[in-house]
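Going by this note's numbering, the first residue of the sequence shown is number 9, and it counts up by one from there.
Think of the CB as a built atom: it goes at the ideal place given N, C-alpha and C, for glycine as much as any other residue.
Just below is one structure, and these are the notes that go with it.
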Amino acid sequence: APAVFTDADVYQQSFNPREYLKEFYSLSDSQGRPNTFLMQNLRSLFKMFSLDGLRGDTLIDVGCGPTIYQLLSACERFQEIIALDYADQNRQELEKWLKNEAAAFDWRPVVKYVCELEGDREKWAEKEEKLRKKVRRVLKCDMTKAEPADPVSLPPADCILSTLCLEAACKDLATFRSALRNIGALVKPGGHLVLVTVLRETYYAFNKQVFSCLRLERNMVEEAVEGAGFDVKFSEVQPYQPGDACTDCEAVLSLVARRRASVT
9 APAVFTDADV YQQSFNPREY LKEFYSLSDS QGRPNTFLMQ NLRSLFKMFS LDGLRGDTLI
69 DVGCGPTIYQ LLSACERFQE IIALDYADQN RQELEKWLKN EAAAFDWRPV VKYVCELEGD
129 REKWAEKEEK LRKKVRRVLK CDMTKAEPAD PVSLPPADCI LSTLCLEAAC KDLATFRSAL
189 RNIGALVKPG GHLVLVTVLR ETYYAFNKQV FSCLRLERNM VEEAVEGAGF DVKFSEVQPY
249 QPGDACTDCE AVLSLVARRR ASVT
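Written out as structure tokens, the structure is:
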């Protein structure tokens, strides 16, 4: 792991979204081996967004990065999506896909995989169109701030989604707990928080660069979620065996929590 935790400025200055997508978001690698990490996460997201009550008007994706995979199941249950990320180049990469530009990353194999989980692989073009329509805004955010999208004020959300972000953005447990409180405050009472978090990971690497990760255990995440005013409704850990040295991740936690009614 890097000697000093890679903070937001490192992402802004040197995170290359295209290289990141190439490394982690193809369904199979150059040798044809399946990307089990991605497929496992797509299955978990499909499962979580099929749970009762997980629907509504507004979903906010916090720390979306340059990716759309995390929204493919969510877009069937929510009417409008707001995507937030700190790094300008990540938001620009996402916008390329949303505008259907020729230079955008090709997500079709991933979209088809999710459509297959939903029972109809042939609906992929329809799903792409649906998602492009539903992502209404792509905004800069800093989850270490009490108002993450400041100066923009966000509507109260029915659901907050955050995948593989908090653990890479928070240098210690106190920062992690505080960031969860900040993003948790964006959810209406009774609304949901959906998380996908890697466990016991200290770094991930691609394109000759290494990025830090806060080493978390399941109980740390669950306690932080409870501390942010939520009740955990679903929590599942799946072991992960990295095929190479690009990460030391040992497992992935998928979690759904419901925000408690505010105490007056």
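Residue nearest to residue i in terms of C-alpha spacing, selected from the options
{"i": "V202", "options": "R208, A112, L188 and G127", "result": "L188"}
{"i": "A133", "options": "K196, L80, L53 and P159", "result": "L80"}
{"i": "L62", "options": "E126, F238, D15 and E84", "result": "E84"}
{"i": "L67", "options": "E27, C149, K120 and K196", "result": "K196"}
{"i": "S52", "options": "Q246, D17, E258 and K138", "result": "Q246"}
{"i": "F86", "options": "C167, K241, S22 and L50", "result": "C167"}
{"i": "Y121", "options": "K148, Y212, E136 and G71", "result": "E136"}
{"i": "P10", "options": "V260, E244, A213 and D252", "result": "A213"}
{"i": "D256", "options": "E230, K107, E231 and L222", "result": "L222"}
{"i": "T183", "options": "K216, V233 and L194", "result": "V233"}
{"i": "L139", "options": "E130, V146, A259 and L106", "result": "L106"}
{"i": "T14", "options": "G198, Y211 and Y248", "result": "Y211"}
For residue j and residue i, believed in contact at Cβ under 8 Å, the rounded distance
{"i": "P117", "j": "L35", "result": "5 Å"}
{"i": "I191", "j": "S170", "result": "7 Å"}
{"i": "V204", "j": "S262", "result": "5 Å"}
{"i": "K142", "j": "I89", "result": "5 Å"}
Three-way DSSP call (helix, strand, coil) for residue i in this model
{"i": "Q217", "result": "strand"}
{"i": "A110", "result": "coil"}
{"i": "S186", "result": "helix"}
{"i": "L80", "result": "coil"}
{"i": "A16", "result": "helix"}
{"i": "Y28", "result": "helix"}
{"i": "G192", "result": "helix"}
{"i": "Y33", "result": "coil"}
{"i": "E209", "result": "coil"}
{"i": "V118", "result": "helix"}
{"i": "S170", "result": "strand"}
{"i": "G235", "result": "helix"}
{"i": "L261", "result": "strand"}
Residue burial classification, residue i (beta-carbon count within 10 angstroms, cutoff 16)
{"i": "P42", "result": "exposed"}
{"i": "R185", "result": "buried"}
{"i": "N98", "result": "buried"}
{"i": "G40", "result": "exposed"}
{"i": "A332", "result": "The shown model of the chain, from 9 to 272, leaves out residue 332, and the question about it has no answer."}
{"i": "V12", "result": "exposed"}
{"i": "T44", "result": "exposed"}
{"i": "V160", "result": "exposed"}
{"i": "P163", "result": "exposed"}
{"i": "R267", "result": "buried"}
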